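Enquirer: If you're matching them up, the sequences are chains A and B in order. Taking the working numbering, the leading residue of the first sequence gets 1, the next gets one more, and so forth. Taking the working numbering, the leading residue of the second sequence gets 441, the next gets one more, and so forth. Can you read through this structure? Questions will come right after.
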Amino acid sequence: MEYLPNILFVIALVLGIGFFTRNVKKLTRNIKLGKDVDVSDNKPQRWRNMVRIALGQTKMVVRPVAGLMHIFVYVGFIIINIEVLEIILDGILGTHRLFAPLGTLYDVLIASFEVLALLVIVAVVIFWIRRNIIKLQRFIKPEMKGWPKTDGNLILYIEFVLMILFLTMNAADSQLQQLGAAHYTEAGAFPISQFIMPLFDGLSISTLITIERTAWWLHILGILAFLNYLYYSKHLHILLAFPNTYYGKTSPQGQFNNLESVTNEVKLMMDPSADPYAVPPEDAPEPEKFGASDVMDLNWVQLLNAYTCTECGRCTSECPANQTGKKLSPRKIMMDTRDRLEEVGKIMDANKGEFVDDGKQLLNDYITPEELWACTTCNACVQACPVSIDPLSIIVEMRRYLVMEQSAAPMELNNMMSNIENNGAPWPYNQMDRLNWVNE
Amino acid sequence: MSEQLKVKTMQEFMAEGKQPEILFWVGSAGSYDDRAKKISRAFVKLLNKANVDFAVLGTEESSTGDVAKRAGNEFLFQMQAMMNIELLNGYEIKRIVTCDPHSFNTLKNEYPGLGGKYDVVHHTQYLKELIDNGRLTIDGEVYKGKRITFHDPCYLGRANSVFEAPRELLSKTNADLVEMKRHKKIALCCGAGGAQMFKEPEKGDMDVNVLRTKDALETQPNIIATGCPYCNTMMTDGIKAHEKEDTVTVLDVAELLANSQGL
Numbered sequence: 001m002e003y004l005p006n007i008l009f010v011i012a013l014v015l016g017i018g019f020f021t022r023n024v025k026k027l028t029r030n031i032k033l034g035k036d037v038d039v040s041d042n043k044p045q046r047w048r049n050m051v052r053i054a055l056g057q058t059k060m061v062v063r064p065v066a067g068l069m070h071i072f073v074y075v076g077f078i079i080i081n082i083e084v085l086e087i088i089l090d091g092i093l094g095t096h097r098l099f100a101p102l103g104t105l106y107d108v109l110i111a112s113f114e115v116l117a118l119l120v121i122v123a124v125v126i127f128w129i130r131r132n133i134i135k136l137q138r139f140i141k142p143e144m145k146g147w148p149k150t151d152g153n154l155i156l157y158i159e160f161v162l163m164i165l166f167l168t169m170n171a172a173d174s175q176l177q178q179l180g181a182a183h184y185t186e187a188g189a190f191p192i193s194q195f196i197m198p199l200f201d202g203l204s205i206s207t208l209i210t211i212e213r214t215a216w217w218l219h220i221l222g223i224l225a226f227l228n229y230l231y232y233s234k235h236l237h238i239l240l241a242f243p244n245t246y247y248g249k250t251s252p253q254g255q256f257n258n259l260e261s262v263t264n265e266v267k268l269m270m271d272p273s274a275d276p277y278a279v280p281p282e283d284a285p286e287p288e289k290f291g292a293s294d295v296m297d298l299n300w301v302q303l304l305n306a307y308t309c310t311e312c313g314r315c316t317s318e319c320p321a322n323q324t325g326k327k328l329s330p331r332k333i334m335m336d337t338r339d340r341l342e343e344v345g346k347i348m349d350a351n352k353g354e355f356v357d358d359g360k361q362l363l364n365d366y367i368t369p370e371e372l373w374a375c376t377t378c379n380a381c382v383q384a385c386p387v388s389i390d391p392l393s394i395i396v397e398m399r400r401y402l403v404m405e406q407s408a409a410p411m412e413l414n415n416m417m418s419n420i421e422n423n424g425a426p427w428p429y430n431q432m433d434r435l436n437w438v439n440e
Numbered sequence: 441m442s443e444q445l446k447v448k449t450m451q452e453f454m455a456e457g458k459q460p461e462i463l464f465w466v467g468s469a470g471s472y473d474d475r476a477k478k479i480s481r482a483f484v485k486l487l488n489k490a491n492v493d494f495a496v497l498g499t500e501e502s503s504t505g506d507v508a509k510r511a512g513n514e515f516l517f518q519m520q521a522m523m524n525i526e527l528l529n530g531y532e533i534k535r536i537v538t539c540d541p542h543s544f545n546t547l548k549n550e551y552p553g554l555g556g557k558y559d560v561v562h563h564t565q566y567l568k569e570l571i572d573n574g575r576l577t578i579d580g581e582v583y584k585g586k587r588i589t590f591h592d593p594c595y596l597g598r599a600n601s602v603f604e605a606p607r608e609l610l611s612k613t614n615a616d617l618v619e620m621k622r623h624k625k626i627a628l629c630c631g632a633g634g635a636q637m638f639k640e641p642e643k644g645d646m647d648v649n650v651l652r653t654k655d656a657l658e659t660q661p662n663i664i665a666t667g668c669p670y671c672n673t674m675m676t677d678g679i680k681a682h683e684k685e686d687t688v689t690v691l692d693v694a695e696l697l698a699n700s701q702g703l
């Protein structure tokens, strides 16, 4: 029975990491449903982007309040992981404060974890107030109703509780250390939890041990649960921000990709020796679909973008269409893409890994043409995203489908395009008049 | 009808067996739109003053296809691009200047992948180059004491990081430059991009150009300067919506420079 806690701990750990691995596999499978895209270029630039934007949080601090608070939570998350490592090792080995022999360094570490824990609590409270009391515009847009709102708050509650548990655990621990309880060797400095200690005055050693152990277990079980919550939440960005900034666009923002399938057709059309009446060979591959009407038509970086989005809404708040009351919201484009991708994934789960047509698609069932046509392609959303998501590329890909597969552009645009076809300008002027401006 | 502009076509250069220093890509707006034609003329006046040996394609020029591409018609874009590239490569064009940030962007970024590799500059960059090389001098007091705010065209600024050239040019006119709250990388769009210029906006509670003009008017300007024919139209309409057309004018950077020299 002596080893029961160790065994229970290992079981919890294996289950927690096991489920997480299963979710990561599902995530990877779904992202790989996207088309292949060459992102092997500009490696040094890509690493720099990742270090600067994800690790260095440079685009977060564009908005100073949210940026600073986010850095508290972010640094807290990264640094407190050292503590989690100790907790895991203690749990497996049945030790207590395994890293204590580090001496002064250990004191410094524990003290800094405590300070960070407090800063995280402060940040989380401010975040909650911004969402629920101040109700910042970007947090109450239509696409934030229901689960996205709950999700955002749940994350804050979980982080708050985890930090409180961590500090409670330390407070009980340091009280036990002072009482000279067996197993609780004196180690660590507790600049923050010392203020919780008075609550424990006069409690017996056994009660204190119960409090300390309960907080310890809930803290680590909470972390394992949170790890598994990620997949069902917008919170995946804590992991995916890194690959996403690496694979983000490195060319000038104004540069849209040239569709290769179109290039081939145009070359054939312009080739004077090509036979326009030639029958395609029997084994010719089916002509490629132009543009995107569903998630499988997008490339995998765009799908990674969708999973990375944490619904902060900076894109939407910078969008000229959204600011003037149009339906378009770049954040909704990303959320819809992810929701549809999840739906496709669930259909695959239910059909032995095969996708079965469910009569739905990203276009119309999630994103309407009205949203797509409101975009000015100004790149403000791309510029605003703190983790290099490109909603514009999805909008353009879907416009391509509307125009090239369905001829479903607004009438005025069809007129504009036939003008270009007929006289080389978006207006119905004669090409022979192109130089008239010189003499007017 | 003002004084005669010196404009030669590539065909004329070919006939003479010569190459121009640079090709001026006029663009559809610069060729046909009444307001934008004035920008083309102002730019040419400056080129003439600096004795630049430039050419235009004239009636051989055709839409870059940019607006078709933004609208989703990749097919039409690539047809236009390949036709233009065939023409440009046939003339062995090395360098292109244009007053339209949309042409600038697509020629610079999207044509190379289809076989059209040129050194492409925006007219504000080229004018700055002429000044830096001492070929063009801008001085005078025409705009002294005037407040000018510059609206960054999306496809010049955010999309291609050209922020300083137009501002440096404006500072040469001795005017007072005032910045809008949202400028450079976070400048708000004028509302014309992405083919919006050619269609009615979707249902909303305001037009984008009215909102952007509001940004500009907050700086109490005498002049709103820009570097794009479409922004020019949108901001001009915005001024009318705010009923400020009597006190505020919208001018291209090239027009401001030409005016400052009495051209």
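Don't be surprised by glycine CBs; every beta carbon is placed ideally from N, CA and C. All figures in this text were calculated on a predicted structure; none of them were measured in a lab.
With a floor of 4 residues, list each alpha helix (DSSP H) that falls wholly inside the segment 501–545 of chain B, ordered by position along the chain.
Expert: 506–511, 514–530, 541–545, all fully within the segment 501–545 of chain B.
Enquirer: Based on the DSSP secondary-structure assignment, which residues constitute the bridge partners of residue 448 of chain B?
Expert: BP columns for residue 448 of chain B point to B:495.
Enquirer: For residue 171 of chain A, which residues in the same chain have their Cβ closer than 6 Å to its Cβ, ignoring the five residues on either side in sequence?
Expert: For residue 171 of chain A, where only same-chain residues beyond five positions count, the Cβ hits under 6 Å are 193, 196, 197.
Enquirer: Using 8 Å as the limit for Cβ to Cβ distance, is residue 512 of chain B near chain A?
Expert: At least one chain A Cβ lies under 8 Å of residue 512 of chain B.
Enquirer: Establish whether the CB of residue 491 of chain B and some CB of chain A are separated by less than 8 Å.
Expert: Output row for residue 491 of chain B: interface = no.
Enquirer: Using the Cα positions of residue 702 of chain B and residue 487 of chain B, report the straight-line distance between them to the nearest angstrom.
Expert: Each residue's alpha carbon lies about 14 Å from the other.
Enquirer: Against chain A, which members of the segment 660–676 of chain B pass a CB distance test of less than 7 Å?
Expert: Answer set for the segment 660–676 of chain B: empty.
Enquirer: Between which two residues does the beta strand (DSSP E) holding residue 590 of chain B run?
Expert: Taken as a continuous stretch (DSSP letters only), the beta strand (DSSP E) holding residue 590 of chain B covers 587–590.
Enquirer: Assuming residue 327 of chain A and residue 374 of chain A are in contact, meaning their beta carbons sit under 8 Å apart, how far apart are those beta carbons, in whole angstroms?
Expert: Yes, residue 327 of chain A and residue 374 of chain A are in contact; Cβ-Cβ is about 6 Å, under 8 Å.
Enquirer: By alpha-carbon positions, which one of A:306, A:224, A:144 ends up nearest to residue 131 of chain A?
Expert: It is A:144 whose Cα lies nearest to the Cα of residue 131 of chain A.
Enquirer: Restricting to runs no shorter than 3 residues, where is the beta strand (DSSP E) found entirely within the segment 77–106 of chain A?
Expert: Complete beta strand (DSSP E) runs here, min 3: none at all.
Enquirer: Alpha carbon to alpha carbon, what distance is there between residue 634 of chain B and residue 648 of chain B?
Expert: One C-alpha to the other measures close to 13 Å.
Enquirer: Roughly how many angstroms lie between the CA atoms of residue 458 of chain B and residue 491 of chain B, to the nearest whole one?
Expert: If you take the alpha carbons of residue 458 of chain B and residue 491 of chain B, they lie about 16 Å apart.
Enquirer: When you compare the segment 628–642 of chain B with the segment 552–562 of chain B, are there three or more beta-carbon pairs, one atom per stretch, that lie closer than 8 Å?
Expert: In short, these stretches do not touch, since the Cβ pair count stays below three.
Enquirer: If the criterion is Cβ atoms closer than 8 Å, does the pair residue 18 of chain A and residue 220 of chain A meet it?
Expert: No; because the gap between Cβ atoms is not below 8 Å, this pair is not in contact.
Enquirer: Does any residue of chain A bring its CB to less than 8 Å from the CB of residue 603 of chain B?
Expert: By this cut-off, residue 603 of chain B is not an interface position.
Enquirer: Could you check which residue in A:5, A:8, A:16 has the C-alpha nearest to that of residue 224 of chain A?
Expert: Ranking A:5, A:8, A:16 by Cα distance to residue 224 of chain A puts A:16 first.
Enquirer: Taking only beta-carbon positions, decide if residue 451 of chain B is within less than 8 Å of chain A.
Expert: Answer no: the Cβ-Cβ gap between residue 451 of chain B and chain A never drops below 8 Å.
Enquirer: Please classify residue 179 of chain A: is it buried, with 16 or more other beta-carbons within 10 angstroms of its beta-carbon, or exposed?
Expert: Label assigned to residue 179 of chain A: exposed.
Enquirer: Considering only residues of the same chain and omitting the five flanking positions on each side of residue 290 of chain A, which have a CB-CB separation below 6 Å?
Expert: Within the same chain, residue 290 of chain A has close Cβ partners 400, 404, 405.
Enquirer: Using a Cβ-Cβ cut-off of less than 8 Å, give me the residues of the segment 289–314 of chain A that come near chain B, in sequence order.
Expert: If the cut-off is 8 Å between Cβ atoms, the segment 289–314 of chain A has 290, 291 near chain B.
Enquirer: Are residue 458 of chain A and residue 86 of chain A close, meaning C-beta to C-beta below 8 Å?
Expert: Since the first residue shown for chain A is 1 and the last is 440, residue 458 of chain A is missing from the structure and cannot be characterised.
Enquirer: Mapping DSSP to helix, strand and coil, what is residue 368 of chain A?
Expert: Coil at residue 368 of chain A, not helix or strand.
Enquirer: Report all residues from its chain with a CB closer than 6 Å to the CB of residue 39 of chain A; omit the five preceding and five following residues, and keep chain order.
Expert: For residue 39 of chain A, where only same-chain residues beyond five positions count, the Cβ hits under 6 Å are 247.
Enquirer: Run through chain A and tell me which residues come within less than 8 Å of residue 501 of chain B, C-beta to C-beta.
Expert: What residue 501 of chain B touches in chain A: 424, 434.
Enquirer: Is it a yes or a no for the segment 226–245 of chain A touching the segment 143–160 of chain A, going by three-plus beta-carbon pairs under 8 Å?
Expert: Touching, per the Cβ criterion.
Enquirer: Do we get a CB-CB distance below 8 Å when we pair residue 380 of chain A with the residues of chain B?
Expert: By this cut-off, residue 380 of chain A is an interface position.
Enquirer: Going by DSSP in three states, residue 562 of chain B sits in which element: helix, strand or coil?
Expert: The answer is strand: DSSP assigns residue 562 of chain B an E or B state.
Enquirer: Going by the DSSP bridge assignment, what does residue 464 of chain B pair with across the sheet?
Expert: According to DSSP, which records beta bridges pairwise, residue 464 of chain B is partnered with B:537.
Enquirer: Below 8 Å, can you find three or more Cβ-Cβ pairs linking the segment 424–431 of chain A to the segment 332–352 of chain A?
Expert: Flag = no, the segment 424–431 of chain A and the segment 332–352 of chain A do not touch.
Enquirer: Could you tell me the distance, in whole angstroms, from the CA atom of residue 552 of chain B to the CA atom of residue 266 of chain A?
Expert: Looking at the two C-alpha atoms, the distance is approximately 16 Å.
Enquirer: Looking at chain A, which residues of the segment 626–643 of chain B have a Cβ within less than 9 Å of any of its Cβ atoms?
Expert: The residues in question are 626, 627, 628, 629, 630, 631, 632, 633, 634, 635, 636, 637, 638, 639, 640, 641, 642, 643.
Enquirer: To be precise: take each residue of the segment 326–344 of chain A, compare its Cβ to all Cβ atoms of chain B, and keep it if any distance is under 9 Å. Which residues remain?
Expert: Per Cβ criterion, the list reads 326, 327, 328.
Enquirer: Under the three-state reduction of DSSP, which class applies to residue 42 of chain A: helix, strand or coil?
Expert: Three-state result, residue 42 of chain A: coil.
Enquirer: Would you mind listing the beta strand (DSSP E) stretches within the segment 622–675 of chain B that are 3+ residues and don't spill past its ends, in chain order?
Expert: List check, beta strand (DSSP E) in window: 663–666.
Enquirer: Decide yes or no for the touch test of the segment 582–595 of chain B against the segment 540–554 of chain B: beta carbon pairs closer than 8 Å, at least 3 of them.
Expert: Judged by Cβ distances under 8 Å, the segment 582–595 of chain B makes contact with the segment 540–554 of chain B, as three or more pairs qualify.
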